[in-house]
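Comments concern the structure below.
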Amino acid sequence: MNNVGQNWIIRDRRISGIITSVPILVVLITSVPILAGLITSVPILAKEKEEKINVSSELKRLKSKKINEKLSAIEKLGKARDKTATKEIINELKTSKDSNVKSVAVITLGNVESEEADAVLKEIFLDGNEELSVRLDALEALSRKKDNADTFNVLIKATEDKNPVIRRVAIGFLWQNFYSQKKNVIKPILEKMLSDPEKDVSESVKQMLEVEKKLDKK
Numbered sequence: 420m421n422n423v424g425q426n427w428i429i430r431d432r433r434i435s436g437i438i439t440s441v442p443i444l445v446v447l448i449t450s451v452p453i454l455a456g457l458i459t460s461v462p463i464l465a466k467e468k469e470e471k472i473n474v475s476s477e478l479k480r481l482k483s484k485k486i487n488e489k490l491s492a493i494e495k496l497g498k499a500r501d502k503t504a505t506k507e508i509i510n511e512l513k514t515s516k517d518s519n520v521k522s523v524a525v526i527t528l529g530n531v532e533s534e535e536a537d538a539v540l541k542e543i544f545l546d547g548n549e550e551l552s553v554r555l556d557a558l559e560a561l562s563r564k565k566d567n568a569d570t571f572n573v574l575i576k577a578t579e580d581k582n583p584v585i586r587r588v589a590i591g592f593l594w595q596n597f598y599s600q601k602k603n604v605i606k607p608i609l610e611k612m613l614s615d616p617e618k619d620v621s622e623s624v625k626q627m628l629e630v631e632k633k634l635d636k637k
């Protein structure tokens with residue numbers, strides 16, 4: 420299989436993974452008694468041992484024409500907590516035409532504590548001309564910025580996006596990552612989205628509200 424074919428498979432799997440995560444999350448939540456506990460714990464992954472990153476070396480690898488080298492460099496530079504490294508990741512994101520490079524850069528920036536990184540993620544998501552896979556990755560990255568009111572507002576706005584996939588994923592991330600703290604804001608949106616013209620969206624929302632009712636009775 421050629422590189423183009425491999426890229427399409429990677430991209431399709433990534434989109435499929437994000438889209439299907441919403442109903443899977445609903446099923447998982449029905450098996451536990453405390454909604455807030457799972458919402459808090461799902462996004463938390465085991466902490467990796469802190470790795471010493473040679474920034475100058477990784478910056479050289481970032482310029483490699485080999486896609487795997489470039490992707491690896493982006494991931495490592497994201498762990499460096501270095502301003503220059505962050506700027507170079509952002510530059511790569513803005514200049515690359517490869518959707519896999521852009522997606523890895525977006526996902527990496529989701530782990531970087533930087534106002535500039537947050538602003539770029541928002542810009543990428545709001546760009547209606549951007550590929551859906553990259554927009555979804557940006558939305559997921561923004562959903563991890565739980566202490567940022569601006570990114571929360573982007574997720575709220577995304578529930579009204581013209582693309583039903585974006586709407587469905589946005590409400591899923593809001594429900595997963597913010598519902599326990601922002602129930603008064605999110606529940607009315609859920610109720611409104613029961614009337615979404617796209618069946619996949621309304622059915623996902625219906626499942627979320629049904630789970631909440633079951634948990635309230637326990």
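Counting along the sequence shown from 1, when you hit position 38 you're at 457 in my numbering, and nothing is skipped either side.
Think of the CB as a built atom: it goes at the ideal place given N, C-alpha and C, for glycine as much as any other residue.
Just so you know, these numbers come straight off a predicted model, no measurement behind them.
Put residue i into one of helix, strand or coil per three-state DSSP.
{"i": "I493", "result": "helix"}
{"i": "G591", "result": "helix"}
{"i": "E629", "result": "helix"}
{"i": "K485", "result": "coil"}
{"i": "E669", "result": "Lying before the first or after the last residue shown, residue 669 is absent from the chain, which here runs from 420 to 637."}
{"i": "L634", "result": "helix"}
{"i": "P607", "result": "helix"}
{"i": "S599", "result": "helix"}
{"i": "D546", "result": "coil"}
{"i": "N572", "result": "helix"}
{"i": "E617", "result": "coil"}
{"i": "E532", "result": "coil"}
{"i": "R500", "result": "coil"}
{"i": "N567", "result": "coil"}
{"i": "D537", "result": "helix"}
{"i": "K516", "result": "coil"}
Counting only beta-carbon atoms, is residue i nearer than 9 Å to chain C?
{"i": "K541", "result": "The chain labelled as chain C is not found in the depicted structure, where only one protein chain is given."}
Just mark residue i as buried or exposed, buried being the case when its beta carbon has 16 or more other beta carbons within 10 Å.
{"i": "A504", "result": "buried"}
{"i": "N530", "result": "exposed"}
{"i": "N548", "result": "exposed"}
{"i": "E470", "result": "exposed"}
{"i": "T514", "result": "exposed"}
{"i": "E629", "result": "exposed"}
{"i": "E511", "result": "buried"}
{"i": "K636", "result": "exposed"}
Where does the unbroken alpha helix (DSSP H) through residue i begin, and where does it stop?
{"i": "R480", "result": "474-481"}
{"i": "E579", "result": "Counting along the chain, E579 falls outside any alpha helix (DSSP H), and DSSP gives it neither H nor E."}
{"i": "E470", "result": "Note, E470: premise wrong, no alpha helix (DSSP H); not H, not E."}
{"i": "R554", "result": "551-562"}
Hey, residue i and residue j are a contact pair by Cβ (cut 8 Å); roughly how many whole angstroms apart?
{"i": "D556", "j": "S522", "result": "5 Å"}
{"i": "D501", "j": "V474", "result": "5 Å"}
{"i": "M627", "j": "S621", "result": "M627 to S621, Cβ: 11 Å. No contact."}
{"i": "I472", "j": "K498", "result": "6 Å"}
{"i": "E507", "j": "L528", "result": "Not quite, the Cβ-Cβ distance comes to about 11 Å (not below 8 Å), so this is no contact."}
Decide if the stretch 554-564 is in contact with the stretch 524-544; the criterion is three or more beta carbon pairs, one per stretch, under 8 Å apart. yes
Specify whether the stretch 579-587 and the stretch 607-618 touch according to this definition: at least 3 beta carbon pairs, one from each stretch, less than 8 Å apart. yes
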